[in-house]
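*Asks:* Sending over a structure as structure tokens; questions will come in a sec.
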Amino acid sequence: MSWIDRVRNVLAFTPKKETPDNLWHKCKGCGQMTFVKELEANQHVCPHCDHHDRIGPAERFQYLFDEGSYTVLATPKVAEDPLKFRDQKPYPARLKAARAATGEPDAFINASGTILGRKAVIGVQDFAFMGGSMGQAVGEAFIQGVEAAIAARAPYIAFTASGGARMQEGILSLMQMPRTTVAIEMLHDAGLPYIVVLTDPTSGGVMAAYAMLGDVQIAEPRATLAFTGRRVIENTIREKLPDDFQTSEYYREHGLIDMVTHRKELRETLGQLIGLLCEGKKAA
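In the numbering used here, the protein residues as written are 94 to 377.
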């Protein structure tokens, strides 16, 4: 028996080690592979190309609030499937699948706490939950966040990520546009600031409502921001749009937002803004 045969026989009885599926992450921006732990330590920003991955409420709260300072608010209950809507599958089945995938009751979650010692209430939209679509639960959660901010005498900070209105709720979804607008006016009447952080992607009815009503408008780098799609606009106006059209950088250059801020700088930026807009008062 040759040495090659002997090695082959030994290898045949050597158990294979399974590589965990979640050990590596392939960047959607540059295609480079990164250790998941390294990516998490970098706040889900690619260390090779600076691409900002989409993240959910839990990660946002962890990166923004002072350690151990925040409390997640219970999501308000709403009537589910009021229209008895069904497409390829019933709406309740879609909700059940989204809840199982994200661990969240719906697409908008609030938490209250402190940022650099200053009180704040943060609402985060989760694109992983049915594309962050705006339905009754999202509208109620947004209003809940505003009311919590007023009660705490704190600013309300909304992180948007949405494909728009939730079609399964029809007109009830569209009604959340004026309802959230009224809530923002309540915040202003209380003399408190409303800060928006636009993340990838923010579009449709959300873009036409509370996403663009902030006293300060911030966006993460290279986020897609749009009311409707590029193809629809090009077919309507019969013109080719710029390559960077509907990006956060394009919006900043044309005066539609105030700043584009890297995710790792958001905590410091928001803390400074709260200090300026809320007369520097810190949490007791």
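Note that the Cβ used here is the ideal one computed from N, Cα and C, for glycine as well.
Determine the direct distance from the alpha carbon of D282 to that of G122, and round the result to whole angstroms.
*Replies:* Stepping through the sequence shown from its first residue, residue 122 is reached at position 29. Stepping through the sequence shown from its first residue, residue 282 is reached at position 189. The straight-line gap from Cα to Cα measures roughly 42 Å.
*Asks:* By Cβ distance, which residues of its chain are closer than 7 Å to G373, with the 5 residues on each side in sequence left out?
*Replies:* Taking the first residue of the sequence shown as 1, we reach residue 373 at position 280. At G373, the pLDDT of 49 sits below 50, so the modelled position is not reliable and the matter cannot be decided from this model.
*Asks:* Mapping DSSP to helix, strand and coil, what is N115?
*Replies:* Indexing the sequence shown from 1 puts residue 115 at position 22. It is coil, neither helix nor strand.
*Asks:* Comparing the C-beta of N115 with each C-beta of chain D, is any distance below 8 Å?
*Replies:* Among the chains of the structure shown, chain D does not appear; only one protein chain is present.
*Asks:* CB-CB under 6 Å to D174, same chain, minus the five flanking residues each way: which ones, in chain order?
*Replies:* If you number the sequence shown from 1, residue 174 lands on position 81. Once the five neighbours on either side are set aside, the close Cβ partners of D174 are Y184 and P185.
*Asks:* Thinking C-alpha only, which one of K119, G263 and V129 is nearest L176?
*Replies:* For this step, residue 176 is matched to residue 83 along the sequence shown. That would be G263, whose Cα lies nearest to the Cα of L176.
*Asks:* Could you tell me which whole beta strand (DSSP E) segments of length 3 or greater appear in the segment 262-311?
*Replies:* You should have 287-296.
*Asks:* In whole angstroms, what separates the C-alpha of I212 from that of L157?
*Replies:* The residue given as residue 212 occupies position 119 in the sequence shown. The residue given as residue 157 occupies position 64 in the sequence shown. The question names Ile, but residue 212 is Lys in the sequence shown. Approximately 12 Å between the Cα atoms of the pair.
*Asks:* Pull up the CB-CB distance for M270 and A242, whole angstroms please, since I reckon it's below 8 Å.
*Replies:* As a position in the sequence shown, residue 270 is number 177, starting the count at 1. As a position in the sequence shown, residue 242 is number 149, starting the count at 1. Not a contact, Cβ separation roughly 20 Å.
*Asks:* Would you call I330 buried or exposed, if buried means 16 or more other Cβ atoms sit within 10 Å of its Cβ?
*Replies:* For the purposes of this step, residue 330 is taken as the residue at position 237 of the sequence shown. So I330 ends up on the exposed side.
*Asks:* I'd like the ranges of any beta strand (DSSP E) spanning at least 3 consecutive residues and lying wholly in the segment 158-225.
*Replies:* Within the segment 158-225, the complete beta strand (DSSP E) runs of at least 3 residues are 201-208 and 211-218.
*Asks:* Pull up the CB-CB distance for V299 and M227, whole angstroms please, since I reckon it's below 8 Å.
*Replies:* Numbered from its first residue, the sequence shown carries residue 299 at position 206. Numbered from its first residue, the sequence shown carries residue 227 at position 134. Between M227 and V299 the Cβ distance is about 5 Å, and since that is below 8 Å, they are a contact.
*Asks:* Go ahead and label V275 buried or exposed: buried means 16 or more other beta carbons lie within 10 angstroms of its beta carbon, across all protein chains shown.
*Replies:* Taking the first residue of the sequence shown as position 1, residue 275 is located at position 182. It counts as exposed.
*Asks:* In the DSSP assignment, find the beta strand (DSSP E) that holds I250 and state where it starts and stops.
*Replies:* Sequence index remark: in the sequence shown, residue 250 carries index 157 (1-based). Here the beta strand (DSSP E) through I250 covers Y249 to S255.
*Asks:* Using only the alpha-carbon positions, how far apart do T363 and M223 sit?
*Replies:* On the sequence shown, position 270 is the one that residue 363 refers to. On the sequence shown, position 130 is the one that residue 223 refers to. The identity of residue 363 in the sequence shown is Leu, whereas the question assumes Thr. When rounded, the distance between both Cα atoms is 28 Å.
*Asks:* Could you pull out every residue in the same chain whose Cβ sits closer than 7 Å to the Cβ of G225, ignoring the five residues on either side in sequence?
*Replies:* Your numbering for residue 225 matches position 132 in the sequence shown. Closer than 7 Å at the Cβ level, and outside the excluded window around G225, lie A200, Q218, D219, A254, S255 and G256.
*Asks:* Considering Cα atoms alone, identify which of R187, G210, R272 and I215 is closest to Q229.
*Replies:* Position 136 of the sequence shown, counting from 1, holds the residue named residue 229. Comparing Cα-Cα distances from Q229 to each of R187, G210, R272 and I215, the minimum goes to R272.
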